[in-house]
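Read through the structure below, which is laid out as structure tokens, and then see the notes.
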Amino acid sequence: MADEIYQISNDRLRVSLERLSGTFTSIQDSAGVEYLWQGDQAYWPRRAPICFPICGSLRDDKGYTRDGRELRMVRHGFAKTSVFEVAEHTASTMAFRLKDNADTFRQYPFHFEFYAKYALDGNRIGVTFEVRNTGDTAMPFFVGGHPGFNVPLLPGERFDDYFLEFERPETVSVPSPYGDTGLADLSRTRPLLQGGNVLPLSHELFRDGALQLEGLSSRRVTLKSASNPHGVMVEYPDFPVLLIWSSENGGSFVALEPWVGVTTAAQEDDIIDHKRYVQYAAPGEDRSYHFSITIS
Numbered sequence: 016m017a018d019e020i021y022q023i024s025n026d027r028l029r030v031s032l033e034r035l036s037g038t039f040t041s042i043q044d045s046a047g048v049e050y051l052w053q054g055d056q057a058y059w060p061r062r063a064p065i066c067f068p069i070c071g072s073l074r075d076d077k078g079y080t081r082d083g084r085e086l087r088m089v090r091h092g093f094a095k096t097s098v099f100e101v102a103e104h105t106a107s108t109m110a111f112r113l114k115d116n117a118d119t120f121r122q123y124p125f126h127f128e129f130y131a132k133y134a135l136d137g138n139r140i141g142v143t144f145e146v147r148n149t150g151d152t153a154m155p156f157f158v159g160g161h162p163g164f165n166v167p168l169l170p171g172e173r174f175d176d177y178f179l180e181f182e183r184p185e186t187v188s189v190p191s192p193y194g195d196t197g198l199a200d201l202s203r204t205r206p207l208l209q210g211g212n213v214l215p216l217s218h219e220l221f222r223d224g225a226l227q228l229e230g231l232s233s234r235r236v237t238l239k240s241a242s243n244p245h246g247v248m249v250e251y252p253d254f255p256v257l258l259i260w261s262s263e264n265g266g267s268f269v270a271l272e273p274w275v276g277v278t279t280a281a282q283e284d285d286i287i288d289h290k291r292y293v294q295y296a297a298p299g300e301d302r303s304y305h306f307s308i309t310i311s
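Just so you know, the sequence shown maps onto residues 16 to 311 in my numbering.
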């Protein structure tokens, strides 16, 4: 069944996953603390969807390859609503597989296998996305993770007790949204970090939606609390872009999203091959992208 829950665990963590979107449904430590956002229709119904074969939005939900083939996909692509197959399941590892089918081919005219792989090592969860081109032409794509984490983690805390600590000092500005289209406006940016490595969290921070961070020197970021020792570190060595997001209406979560790709900018055309961070898999080629989640 698509809603069947699978578990991997060790003496530090118990992780639940499902075939729908091939992703997490729960991340708990040995004390039973739940780290993963559990979804709420009032704020955000999902938990940790996978972005594939696009990250973010296309203009009017469509785009084109350089040879004129049309792509039609809603924000973040179809992986988040697809039912994956189980490729592997052991006590501490899980692998899901998604193959192209008639429905995906109508949206994205390429043949592929996509794997989402998970492995426990102590208090760390390794996540690998593997893209395999099973067709006979070069395949453009984008890929990313979208895990949401509970903020606050413990009763009696506030959202504002939490902050993000980057590996290194950063100076970065983020683009503004282009109306309510899901596109980014590269002509309007606002500073986010100016030589610091700590970003205090507040609901006001997300008044304009997600924060799209590019050009970071840091390869990891940690969600921390001023009032307890629990935290979540996300390391993203293979991902050039980090999205930070919470719902504009004050949801009790923060999503930390490693992406290879960005949402379409208002200033860009609709040719997928022209977009920043576009990836290609040659016929028969596998491409892999890794990030990890460490619980403390």
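C-beta: ideal position from N, C-alpha, C; glycine also. Here the structure is a predicted model, which means the values were calculated and not measured.
Cβ neighbours of residue i in the same chain (closer than 6 Å, five flanking residues each side left out)
i           : result
residue 121 : none
residue 228 : 187, 257
residue 115 : 126, 127
residue 97  : 113
residue 42  : 30, 50, 51
residue 162 : 63
residue 68  : 92, 123, 156
residue 37  : 99, 111, 131
residue 59  : 262, 266
7 Å Cβ shell around residue i - same chain, five flanking residues per side excluded
i           : result
residue 205 : 188, 189, 191
residue 45  : 26, 27
residue 119 : 93
CB contact flag (residue i, residue j, <8 Å)
i           : j           : result
residue 306 : residue 268 : no
residue 107 : residue 63  : no
residue 131 : residue 99  : yes
residue 247 : residue 235 : no
residue 94  : residue 66  : yes
residue 175 : residue 216 : yes
residue 129 : residue 142 : no
Nearest residue (CA-CA) to residue i, options the options
i           : options            : result
residue 78  : 302, 290, 303, 310 : 290
residue 35  : 181, 207, 71, 112  : 112
residue 76  : 279, 134, 146      : 279
residue 70  : 210, 213, 63, 276  : 276
residue 19  : 309, 31, 226       : 31
residue 52  : 45, 61, 154        : 61
residue 40  : 177, 124, 311, 164 : 164
residue 272 : 24, 209, 159, 54   : 159
residue 241 : 47, 117, 24, 179   : 179
residue 181 : 155, 259, 54, 119  : 259
residue 55  : 266, 274, 301, 288 : 266
residue 33  : 274, 110, 67, 147  : 110
residue 212 : 231, 219, 194      : 231
residue 243 : 129, 311, 139, 143 : 311
residue 47  : 303, 300, 274, 245 : 245
residue 210 : 137, 183, 195, 142 : 183
residue 195 : 84, 261, 74, 38    : 74
residue 233 : 252, 166, 309      : 252
residue 288 : 139, 154, 144      : 154
residue 308 : 24, 301, 222, 140  : 140
Buried or exposed by the 16-neighbour rule on C-beta atoms within 10 Å, applied to residue i
i           : result
residue 169 : exposed
residue 105 : exposed
residue 199 : buried
residue 81  : exposed
residue 264 : exposed
residue 57  : exposed
residue 185 : buried
residue 92  : buried
residue 72  : buried
residue 225 : buried
residue 197 : buried
residue 202 : exposed
residue 303 : exposed
residue 117 : exposed
residue 137 : exposed
residue 83  : exposed
Residue i: CB within 7 Å of a non-hydrogen atom of the ligand COA
i           : result
residue 298 : You won't find the ligand COA in this model; it holds no ligand whatsoever.
Cut-off 8 Å between Cβ atoms - residues of its own chain near residue i, not counting five sequence neighbours on either side
i           : result
residue 150 : 125, 126, 127, 298
>> Any contact between the region 74-94 and the region 292-306? By contact I mean 3 or more CB pairs, one from each, below 8 Å.
In response: Here the region 74-94 does not lie against the region 292-306, with fewer than 3 beta-carbon pairs under 8 Å apart.
>> Does the contact criterion of 3 or more C-beta pairs under 8 Å hold for the region 170-181 versus the region 273-288?
In response: In short, these stretches do not touch, since the Cβ pair count stays below three.
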